[in-house]
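Engineer:
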Amino acid sequence: MTPAPDSQSPPSPSFDPGSFRDRTARVFYLDGAVCRGLNADAWDEWQHVSSSSFFQRAMGQGSVVKTETADDAMLASASLSGEWTGVLRHQRLPFVSYPYEWSFGMLKDAALLQLELMAAALEEGFLLKDATPYNVQWEGSRPVFIDVTSFVRWRPGEPWAGYRQFCQQFLYPLFLQAYKGVPFQPWLRGRLDGIEAAECRRLMSLRDLLRPGVLTHVVAHSGLQHRYAAVTPKVKQELRQAGFHKSIITATIGRLRKLVRRLEWSPPASTWSDYATCNSYDDESSRAKEAFIQRIASSRERGLVWDLGCNTGTFSKLVARHAAHVVAIDSDHASIEALYSELKAAGNRNILPLVGDVADLSPALGWRGVERRAFTDRGRPDLVLCLALVHHLAITSNIPLADVVGWLSESGAELVVEFPMPDDPMVQRLLHSRDQAYDDYSLVSFESALATHFDVRERLLLPSRQRSLYWAVPKAASVS
Amino acid sequence: MYFATILAAAWLLLVTATPAYAYLDPGSGGMIVQLLLGGLAGAGVLVRLFWNRVRKLVGLEKPDDEMP
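Those sequence lines, one after another, are chains H and Y.
1135 is the number of the first residue of the first sequence in the working numbering; add one for each residue after it.
51 is the number of the first residue of the second sequence in the working numbering; add one for each residue after it.
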């Protein structure tokens, strides 16, 4: 479900570099469409799955990505080598994100979606062969399951092979946050396969052993993995002989659903989640800032917008009224969790909240460094909001001011940027605890850096006279 | 069933102190955990699993080659 490179690409399939683990099917892009080639086995499964009522229902509700069989004309136009028995065409999702960018509530809801689909599938004799959060993407605040070839018929005697993956990539990260108060995102970014049972076991204290799910899913799981991996490789066959039944998987899924639903994380009130109510803006400046952004946002409809350092999303929501899709990113997990809860309650479909530090955005990861794309490689924005952020990048993260502006120009998007003057109380606070001199942090050097890369369309000094806002269009870009 | 789960887990806690050889097999342990979570049906399979092993051990059954 990665966005296709460019809509004007020639009609030859370009394979998604992240889609290779499933040997029966592969995602590719063809003339702007997201397609999935299926081999004979997968095609056979698809015939069964696509006609089942649970699948039709899930697709109707939007919890599974809209998928249809590609028409012959489309296939004929493609130079497909004949290695696929059939090709599916998926609805394109606006922006690809990864679990190491999600908030706790997002990972939890993605886990619940996975389990709900699994439970519904089991009732009709199907299951999901794997259980990875990479099979879930977002339509605003709604999780959407994208890997339709993960659904296969259950074969008698077969246990759920995805259990271990579910633990490593969903359950243990959720435990880490809910039970230990440790953010899971760096762990998932650190290793795409997630947290091993034995590692999770070592993280749990004696007290944690009494918390729901730890004894079975962590302690028993890591212990058994050790014993059975070392002693007998034929457990699957033995289980079949012992009469392993589907009802055991149903019970496992039922228990997991109950467990995951109960997992809660109450973020400590952070500096940032309270920022909207206690900041350094006077009312007049707040209103002026809002009016400025409102006017630019509504000047024309835009496709993708990035709101960098979005905090709890005040301006993301404002801009989303005039944009197809807003990616709202902030390094403060608590703020993103608050924004996600709000968007979810409102049923929002065009703002995607993500956890990410602009000074350390997700790089390309995985096999060959292309399996998971860098944040900046997942679709070109039309507009970038960078409000109340420049001073953090330049002072807290020590990035030279000219470099900050240079980077902002790389996306090729229009920019709405706020510059807090050196005498702004927030800037003063940041500078106060630092020994280094920040001579480059001045209005003159900011404006000169901006003029190097952009044509400034509008500038507004807020009534407090401590912050300036700019609407800038990249040089050599033709924006009406 | 919970009692059995806790007992099994406690037993594992006592006998396993080394890290898992996770690279050997993609999750046989996880398949057994499903039996612990699988209610009475799971417990039944667990009992049969060990009973079959005992039978093999004492030579009542030929090891492994009778299944496809």
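Idealized CB from N, CA, C, for every residue including glycine.
(1) Taking Cβ-Cβ distances below 7 Å as the criterion, which residues of the region 1378–1394 of chain H are in contact with chain Y?
(2) Relative to the C-alpha of H:E1552, which residue among H:G1171, H:I1485, H:A1422 and H:G1500 is closest?
(3) Should the region 1341–1355 of chain H be called in touch with the region 1252–1269 of chain H, which here means at least 3 C-beta pairs below 8 Å?
(4) Could you spell out the range, first to last residue, of the beta strand (DSSP E) harbouring H:P1277?
(5) In the DSSP output, what is H:H1224 paired with across the bridge?
(6) If you measure beta-carbon to beta-carbon, which residues of the region 92–109 of chain Y are closer than 7 Å to chain H?
(7) When the Cβ atoms of the region 1286–1303 of chain H are set against those of the region 1256–1275 of chain H, are three or more pairs found closer than 8 Å?
(8) Give a yes or no on whether the minimum CB-CB distance between H:V1369 and chain Y is below 9 Å.
(9) Distance check for H:A1159 and Y:Y73, CA to CA, integer angstroms please.
(10) Where does H:R1563 land, buried or exposed, given buried means 16+ other C-beta within 10 angstroms?
(11) Classify H:Q1311 as helix, strand or coil using the three-state DSSP reduction.
(12) Cα separation between H:A1244 and H:D1589?
(13) Need the endpoints of the beta strand (DSSP E) that H:A1457 sits in, please.
(14) Determine the contact status of H:E1202 and H:R1223, defining contact as a CB-CB distance below 9 Å.
(15) Give me the chain Y residues within the contact set of H:Q1303, using Cβ-Cβ distance strictly less than 8 Å, ordered along the chain.
(16) What residues in its chain sit with their C-beta under 7 Å from that of H:A1167, if we drop five residues either side in the sequence?
(17) Taking the alpha carbon of H:C1169 as the point to measure from, which residue in H:G1194, H:W1218, H:V1369 and H:P1402 has its own alpha carbon closest?
(18) Taking only runs of the beta strand (DSSP E) that begin and end inside the region 1478–1563 of chain H, which ones reach a length of at least 3 residues, in chain order?
(19) Could you confirm whether any beta carbon from chain Y is found closer than 9 Å to the beta carbon of H:L1372?
(20) Give me, in chain order, the residues of the same chain whose beta-carbon lies closer than 7 Å to that of H:W1399; leave out the 5 immediate sequence neighbours on both sides.
(21) Buried or exposed: H:S1275, going by 16 or more other Cβ atoms within 10 Å of its Cβ?
(22) Do H:L1519 and H:V1578 have their CB atoms nearer than 9 Å?
(23) Leaving aside the five residues before and after Y:D75 along the sequence, list all residues of the same chain whose C-beta is less than 6 Å from its C-beta, in chain order.
(24) Which whole runs of the alpha helix (DSSP H) in the region 1245–1305 of chain H are 4 residues long or more, in chain order?
(25) If you draw a straight line from the C-alpha of H:Q1600 to the C-alpha of H:D1558, how long is it?
(26) I need the straight-line Cα distance from H:L1241 to H:F1309, nearest angstrom please.
(27) Please compile the residues from chain Y whose C-beta is within a distance smaller than 7 Å of the C-beta of H:P1293.
(28) Check H:P1608 in the structure and name its three-state DSSP category.
(29) With Y:G94 as the anchor, note down where its alpha helix (DSSP H) starts and where it stops.
(30) Could you work out which residue in H:S1465, H:V1461 and H:M1193 is closest to H:L1477 when comparing CA atoms only?
(31) Strictly under 9 Å for the Cβ-Cβ distance: is H:G1328 near chain Y by that measure?
(32) Let's test the definition: count the other Cβ atoms within 10 Å of the Cβ of H:K1392 and tell me whether it reaches 16, buried, or not, exposed.
(33) Could you say if the region 1439–1450 of chain H and the region 1466–1473 of chain H meet the contact criterion of at least three C-beta pairs nearer than 8 Å?
(34) Count the other CB atoms within 10 Å of the CB of H:V1365; is the residue buried (16 or more) or exposed (fewer)?
(35) For H:S1433 and H:L1452, what's the separation of their Cα atoms in angstroms?
(36) Which ranges does the alpha helix (DSSP H) cover as unbroken runs of at least 4 residues, wholly within the region 1313–1371 of chain H, from first to last along the chain?
Structural biologist: Working from what's here:
(1) F1378, H1379, S1381, I1382, I1383, A1385, T1386 and R1389
(2) Within the first sequence, residue 1552 of chain H is the residue found at index 418, counting from 1. The shortest Cα separation from H:E1552 among H:G1171, H:I1485, H:A1422 and H:G1500 belongs to H:A1422.
(3) no
(4) Counting from one through the first sequence, the residue named residue 1277 of chain H turns up at place 143. First-last of the beta strand (DSSP E) with H:P1277: R1276 to F1279.
(5) Counted from its first residue, the first sequence places residue 1224 of chain H at position 90. For H:H1224, which the question treats as bridged, DSSP gives the partners H:V1168 and H:T1201.
(6) G92, V95, R98, L99 and N102
(7) yes
(8) Position 235 of the first sequence holds residue 1369 of chain H. Yes, because at least one Cβ of chain Y sits closer than 9 Å to the Cβ of H:V1369.
(9) Position 23 of the second sequence, counted from the first residue, corresponds to residue 73 of chain Y. Position 25 of the first sequence, counted from the first residue, corresponds to residue 1159 of chain H. Residue placement at Y:Y73 is flagged as unreliable, the pLDDT there being 38, under the threshold of 50; the coordinate-derived value follows with that caveat. So the alpha carbons of these two residues sit roughly 25 Å apart.
(10) Within the first sequence, numbered from 1, the residue matching residue 1563 of chain H stands at position 429. With fewer than 16 other Cβ atoms within 10 Å, it is exposed.
(11) Numbered from 1 along the first sequence, position 177 holds the residue referred to as residue 1311 of chain H. If DSSP states are grouped into helix, strand and coil, H:Q1311 belongs with the helices.
(12) For this step, residue 1244 of chain H is matched to residue 110 along the first sequence. For this step, residue 1589 of chain H is matched to residue 455 along the first sequence. Their Cα atoms are separated by approximately 42 Å.
(13) Taking the first sequence and counting its residues from 1, one reaches residue 1457 of chain H at position 323. It spans A1457 to D1464 - the beta strand (DSSP E) in which H:A1457 sits, taken as one unbroken run.
(14) Against the first sequence, residue 1202 of chain H aligns to sequence position 68. Against the first sequence, residue 1223 of chain H aligns to sequence position 89. Going by C-beta atoms, H:E1202 is nearer than 9 Å to H:R1223.
(15) As a first step, residue 1303 of chain H must be located in the first sequence, where it is residue number 169. Under the 8 Å cutoff, chain Y gives no residues; its nearest Cβ is about 13 Å from H:Q1303.
(16) Locating residue 1167 of chain H in the first sequence gives position 33, counting from the first residue. R1223, listed in sequence order.
(17) Taking the first residue of the first sequence as position 1, residue 1169 of chain H is located at position 35. Nearest C-alpha to H:C1169: H:W1218.
(18) 1485–1489, 1517–1520 and 1548–1554
(19) Working through the first sequence from its first residue, we reach residue 1372 of chain H at position 238. Leu is not the amino acid found at residue 1372 of chain H; the sequence shown has Glu there. True, the Cβ-Cβ gap to chain Y drops below 9 Å.
(20) To locate residue 1399 of chain H, count along the first sequence from 1; it is residue 265. For H:W1399, where only same-chain residues beyond five positions count, the Cβ hits under 7 Å are F1238, Q1311 and A1312.
(21) Within the first sequence, residue 1275 of chain H is the residue found at index 141, counting from 1. It counts as buried.
(22) By one-based count along the first sequence, residue 1519 of chain H stands at place 385. By one-based count along the first sequence, residue 1578 of chain H stands at place 444. No.
(23) On the second sequence, residue 75 of chain Y is found 25 positions in, with the first residue counted as 1. Residue placement at Y:D75 is flagged as unreliable, the pLDDT there being 46, under the threshold of 50; the coordinate-derived value follows with that caveat. For Y:D75, where only same-chain residues beyond five positions count, there are no Cβ hits under 6 Å.
(24) 1297–1300
(25) Along the first sequence, one-based indexing puts residue 1600 of chain H at 466. Along the first sequence, one-based indexing puts residue 1558 of chain H at 424. Using only the alpha carbons, I get a separation of about 5 Å.
(26) Taking the first sequence and counting its residues from 1, the one referred to as residue 1241 of chain H is at position 107. Taking the first sequence and counting its residues from 1, the one referred to as residue 1309 of chain H is at position 175. Computed Cα separation, rounded: 11 Å.
(27) Translated into the one-based positions of the first sequence, residue 1293 of chain H becomes position 159. Ordered by position in chain Y, the residues that pass the 7 Å Cβ test against H:P1293 are M81 and Q84.
(28) As a working mapping, residue 1608 of chain H is identified with position 474 in the first sequence. Strand at H:P1608.
(29) Translated into positions along the second sequence, residue 94 of chain Y becomes position 44. Its alpha helix (DSSP H) spans residues G89 to L107.
(30) Within the first sequence, the letter at position 343 stands for residue 1477 of chain H. Residue H:V1461 is the option with its Cα nearest to H:L1477.
(31) If you number the first sequence from 1, residue 1328 of chain H lands on position 194. Taking Cβ atoms only, chain Y never reaches closer than 9 Å to H:G1328, which makes this a no.
(32) Position 258 of the first sequence holds residue 1392 of chain H. Exposed, because fewer than 16 other Cβ atoms sit within 10 Å of the Cβ of H:K1392.
(33) yes
(34) For the purposes of this step, residue 1365 of chain H is taken as the residue at position 231 of the first sequence. For H:V1365, the pLDDT reaches just 48, beneath the cut-off of 50, and the residue's location in the model is therefore unreliable, leaving the point undetermined.
(35) Residue mapping note: residue 1433 of chain H aligns to position 299 of the first sequence, counting from 1. Residue mapping note: residue 1452 of chain H aligns to position 318 of the first sequence, counting from 1. Whole-angstrom Cα-Cα distance: 13 Å.
(36) 1319–1324, 1331–1337 and 1355–1365
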